[in-house]
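All residue numbers for the sequence shown refer to the working numbering, where the first residue is 28 and numbers rise by one.
Cβ coordinates follow ideal geometry from the N, Cα and C atoms, glycine included.
Let me begin by presenting the structure, written as structure tokens, before commenting on it.
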Amino acid sequence: MNQHLHVQAHRGASIEKRENSLESIQRAVELGADSIEIDIHLLKDETLSVFHDFHVPASTAPKFIGDLTVWEMKKIGAPTLLEVFGLLKSFPSSNLLWLDLELKYLEGHPSSPEREKLVEAVLDCVSMNWQLNRTKFRSFDWKILKCFQAKSVSSVQTIPLLGKTDGDFNEALKLQTEWLAPHVDMLDEKRVSWAHRLGLKIMPYTVNFPADWKKLAGWGVDGITTDDPEGLLQFLERSNR
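In structure tokens form, the structure reads like this:
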């Protein structure tokens, strides 16, 4: 079993608190998660909002998030990325964790921003308000990750996301990256070993049950993304006694 398994809180401690909320993020910090993953959208007014879905419920019909402003997102309780940084800075223990930003991008939608614009907005916000060397950038849209890499900033670290069927594991292994984040259902021990031979680290998502934690730790994964960071931390403490 990996004795130093990285515990990532998926959208904060989302099994306890509303996902992507300041309360969920704060709880993950208090629990001692190694990193926190949150979802990032660029809004109509160029604010970076922390929210998962591409569409937001409305009184008539769901609205595409790229057509909304920060004030409209505030009505449903979605924080801004800037507010997340402010929260983390208030906790000395946050110096020990990294922030994992998933950039949300819907290709082909008329209100989706240009990839370059999204990447620049995120980089500027992180550089001015946080630390690049304590931030990783992930996305299912690998063109987004290539935009980051094209910036030639040595401290920028990207993580390709692989879905159950969308992601090609073989292609992901060719990307210039340190970590891969595959869906747990596409992972097996052979693929973990294969990635390790290539010098890559594996952190599957989203894994919430002890039997799966035990199996993945036995395979030697380097980290686990979970809605239940408290449960995973307690499991690791028991396992390492």
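Annotation: G250 to V146 spans about 25 Å, alpha carbon to alpha carbon. If you compare the alpha carbons of L214, W206, D168, L126 with that of L227, the shortest gap goes to W206. Within the DSSP bridge table, the entry for W206 names K228 as partners. By the 16-neighbour rule on beta-carbons within 10 angstroms, K170 is exposed.
Taken atom to atom, the span from the alpha-carbon of A40 to that of I52 is near 6 Å. Here DSSP, grouped into helix, strand and coil, assigns E110 to helix. When beta bridges are read from the DSSP output, E147 appears opposite no residue.
With respect to the C-alpha of K44, the residue from V34, E264, L32, E57 having the closest C-alpha is E57. Within the DSSP bridge table, the entry for I103 names no partner.
Collapsing the DSSP output to three states places S76 in a strand.
Under DSSP, H33 forms a beta bridge with G250.
Scanning S182, P209, T204 for the CA closest to the CA of D195 turns up P209. Contact between the segment 177 to 186 and the segment 149 to 160 is present: 3 or more CB-CB pairs across the two stretches fall below 8 Å. Measuring C-alpha to C-alpha distances from V97 to each of G113, L172, E46, I67 identifies I67 as the nearest.
Residue range 256 to 266 is occupied by the alpha helix (DSSP H) that includes R265. Here N47 is buried. Its C-beta has 16 or more other C-beta atoms within 10 Å.
Every alpha helix (DSSP H) of 4 residues or more that sits fully in the segment 118 to 178 is shown, in chain order, as 142 to 156, 169 to 177.
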